[in-house]
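Residue numbers (the working numbering): 107 to 325.
Laid out in structure tokens, this is it:
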């Protein structure tokens with residue numbers, strides 16, 4: 107009887123082992139699938155993360171030489187500019203001060219940024235005006251330092267502001283009256299600074315760009 111009981115116990119153990127093994131196998135298989143799945147996700151995430159991480163560094167590395175080249179080109183243009191006998195840095199600085207002072211006037215607001223024909227409801231503006239100009243553009247050109255040679259060049263662009271206003275608008279229009287006020291103050295500050303009051307003769311604007319291109323060919 108003891109042996110039989112022992113056999114029963116032994117038999118009962120086998121099913122227990124089988125039962126235990128089956129869930130264990132199931133658990134293992136489930137874990138294996140989960141692990142493989144999570145492993146794939148982790149790999150993808152890691153790979154995507156590496157791609158994301160490497161892209162900025164690659165882009166930065168590519169941009170650095172370009173920025174360096176642009177800076178070199180800018181410095182080269184400045185050096186070429188300084189060689190020209192017409193170049194006058196002192197006049198350009200004084201011109202910038204006058205322009206910035208004028209831009210602070212309330213009346214100068216319509217002339218401080220490029221004309222937006224759509225916003226102003228004047229879609230034919232660029233059909234009438236060949237050379238749009240504003241104080242903001244002039245100021246930016248002066249701060250960049252590679253567009254004007256002296257105050258004559260600056261004065262020529264300022265003249266476009268007055269001429270464009272007269273050309274597009276009618277006599278007596280409010281914007282024309284504003285322009286007259288701005289022009290009066292501009293001429294007062296400009297003359298007081300001892301700057302040229304005659305339009306530039308020779309190289310200016312696009313002509314100046316052509317001059318730089320020509321100098322590059324000589325170098």
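Backbone N, C-alpha and C fix where the C-beta goes; we use that ideal spot for every residue, glycine too.
- Under the three-state reduction of DSSP, residue 287 is assigned to helix.
- Here the alpha carbon of residue 277 sits roughly 41 Å from the alpha carbon of residue 191.
- The C-alpha of residue 222 is placed about 9 Å away from the C-alpha of residue 229.
- Here residue 224 is exposed: its Cβ has fewer than 16 other Cβ atoms, across all protein chains shown, within 10 Å.
- Annotation for residue 243: 220 place their beta carbon closer than 7 Å to its own, counting only its chain and skipping 5 residues before and after.
- From the listed residues 293, 218, 233, the smallest Cα separation to residue 273 is found for 233.
- Cβ contact annotation for residue 303 (same chain, cutoff 8 Å, sequence separation greater than five): 261, 293, 296, 297, in chain order.
- Here the C-alpha atom of residue 203 lies approximately 12 Å from the C-alpha atom of residue 246.
- As the crow flies, the alpha-carbon of residue 284 is around 16 Å from that of residue 207.
- Every unbroken stretch of the alpha helix (DSSP H) spanning 4 or more residues and falling wholly within the segment 197 to 260 is given here in chain order: 223 to 226, 231 to 234, 241 to 250.
- For residue 249, the closest C-alpha among the options 301, 205, 239, 299 is that of 205.
- In the assembly as shown, residue 195 is an exposed residue. Its beta-carbon has fewer than 16 other beta-carbons within 10 Å.
- Shown here for residue 268: same chain residues with a beta carbon closer than 8 Å to its own, the five before and five after excluded, namely 285, 289 in chain order.
- Contact check for residue 209 against residue 218 passes: the beta carbons are separated by less than 7 Å.
- The C-beta separation of residue 263 from residue 239 comes to about 5 Å, placing the pair in contact by the 8 Å criterion.
- Taken through DSSP and simplified to helix, strand or coil, residue 303 comes out as coil.
- A direct Cα-to-Cα measurement between residue 257 and residue 227 gives close to 34 Å.
- For residue 231, same chain residues with a beta-carbon under 7 Å away, outside a window of 5 residues either side, are 221, 223, 274 in chain order.
- The closest CA to that of residue 193, considering only 280, 215, 266, 253, is found on 253.
- When rounded, the separation of the alpha-carbon atoms in residue 237 and residue 271 is 11 Å.
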